[in-house]
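Convert by adding 5 to the 1-based position in the sequence shown; the result is the number in this note's numbering. All C-beta atoms, glycine included, are put in the ideal place defined by N, C-alpha and C. Being a predicted model, the structure only gives us computed values, none of them experimental. In what follows, a single structure is set out as structure tokens and then discussed.
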Amino acid sequence: MSQEPLLPSSFEPDPSPVRGQEENALSFPPRPILEEKSANVWVKSLSSLALYLVVGYVIFQDWKLLLIITGIVIFHELGHFLAMKIFDYKELGIFFIPLLGAYASGTKHEVSQRQAIIILLAGPLPGILLGIGMF
6 MSQEPLLPSS FEPDPSPVRG QEENALSFPP RPILEEKSAN VWVKSLSSLA LYLVVGYVIF
66 QDWKLLLIIT GIVIFHELGH FLAMKIFDYK ELGIFFIPLL GAYASGTKHE VSQRQAIIIL
126 LAGPLPGILL GIGMF
């Protein structure tokens, strides 16, 4: 049982170049540039904050304690957030994780080590300075 070839033996690609692609007659058309759909980061941030507060209240059942903890977490994350904003990060947001804390998020293609260190220190440093000032 022999298999027949998929293409007839007389088939040969057309060697004449396509207009605009003279350098490679058999090249594919360019890939389309797809636009990334960026979801509204602030909606995600606020909904994660709401979930954080609800779960926190169920656990602690004390609004005063919950607001103090939330304020401290927001103050810490705003340090990271502002440093990322200074270094031109895109799609910035703060996302809250119930019972764990929060994290500041953003996107940037190239980040130097200097920028990364400044962003990392921008979270705890304001709290440390505030604590020293209040002492």
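Can you grab the Cα-Cα spacing for the pair residue i / residue j, in whole Å?
| i | j | result |
| --- | --- | --- |
| LEU87 | PHE80 | 11 Å |
| ILE73 | LEU58 | 11 Å |
| GLN120 | ARG36 | 34 Å |
| ILE91 | HIS114 | 15 Å |
| TYR62 | TYR108 | 20 Å |
| LYS95 | GLN118 | 18 Å |
| GLY128 | PRO34 | 47 Å |
| ILE122 | ILE133 | 16 Å |
| LEU71 | MET89 | 27 Å |
| GLN66 | ILE38 | 51 Å |
| LYS49 | SER110 | 11 Å |
| GLY136 | LEU130 | 10 Å |
| VAL116 | GLY76 | 29 Å |
Starting from the C-beta of residue i, find all residues in its chain whose C-beta is less than 8 Å away, skip the five residues before and the five after it, and write them out in chain order.
| i | result |
| --- | --- |
| LEU56 | PHE101, PRO103 |
| TRP47 | GLY98 |
| ASP93 | LYS113 |
Here's a check: name, in chain order, each residue in its chain whose Cβ is nearer than 6 Å to the Cβ of residue i, leaving out the five neighbours to either side.
| i | result |
| --- | --- |
| SER53 | PHE100, PHE101 |
| GLU82 | ILE99, ALA107, ALA109 |
Secondary structure, alpha helix (DSSP H): runs of 4+ residues fully inside the stretch 47-128: The stretch 47-128 contains these whole alpha helix (DSSP H) runs: 68-91, 118-126.
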